[in-house]
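Just so we're aligned, residue 1 is where the sequence shown starts under my numbering, counting upward by one.
C-beta: ideal position from N, C-alpha, C; glycine also.
Reading through the structure tokens given below for one structure.
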Amino acid sequence: MLKTAIGRLRFVGLLEGTSFLVLLYCSIFLKRIQGNDDAIHLPGTIHGALFILLCLLIQLARRPAGWSHWTCGKIFVAALVPFGPFLIEPWLKREDSRVRQAKGASRL
Numbered sequence: 001m002l003k004t005a006i007g008r009l010r011f012v013g014l015l016e017g018t019s020f021l022v023l024l025y026c027s028i029f030l031k032r033i034q035g036n037d038d039a040i041h042l043p044g045t046i047h048g049a050l051f052i053l054l055c056l057l058i059q060l061a062r063r064p065a066g067w068s069h070w071t072c073g074k075i076f077v078a079a080l081v082p083f084g085p086f087l088i089e090p091w092l093k094r095e096d097s098r099v100r101q102a103k104g105a106s107r108l
């Protein structure tokens with residue numbers, strides 16, 4: 001999964017989506033219900049860093065995948081939507097396979 005630009009994008013997308021769920025838990029349960037105001041600092045920082053990394057990886061995967069700016073924009077919007085990274089994961093997996101096959105065919 002980590003050998004290709006799209007594979008790295010998929011991996012970080014899943015991490016970013018999972019970090020959103022952790023942040024949601026911390027903000028609702030730990031901060032609001034238990035009153036711990038510091039509960040979201042660390043998960044928020046991690047989620048923010050993963051989001052920035054995801055945006056960078058979208059651009060790095062653009063050229064090898066042959067994606068247009070429009071396609072990259074749709075992936076970016078999916079990253080903004082809650083659970084979006086999980087929803088586009090199957091499509092990214094197919095794209096990764098497509099790019100790998102095209103790369104393998106061009107070597108022949």
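| Simplified DSSP state of isoleucine 40, which is helix, strand or coil | coil
| For glycine 66, which of Glu89, Phe20, Lys103 has the nearest alpha-carbon? | Lys103
| task | Tell me whether valine 77 is buried or exposed, calling it buried when 16 or more other Cβ atoms sit within 10 Å of its Cβ. | result | exposed
| message | Residues in the same chain with beta-carbon distance under 7 Å from lysine 31, minus the five sequence neighbours each way, listed in chain order, please. | response | Asp37, Ala39, Ile40
| said: Among the candidates Ile33, Phe51, Ala5, whose CA atom is the shortest distance from the CA of proline 82? | reply: Phe51
| task | State yes or no: is the C-beta of valine 12 within less than 8 Å of the C-beta of leucine 53? | result | yes
| request: Report the option in Ile58, Gly44, Gln34 whose CA atom is closest to the CA atom of proline 85. | output: Ile58
| field | Integer-rounded CB distance, given that isoleucine 6 should sit under 8 Å from leucine 92 | value | 6 Å
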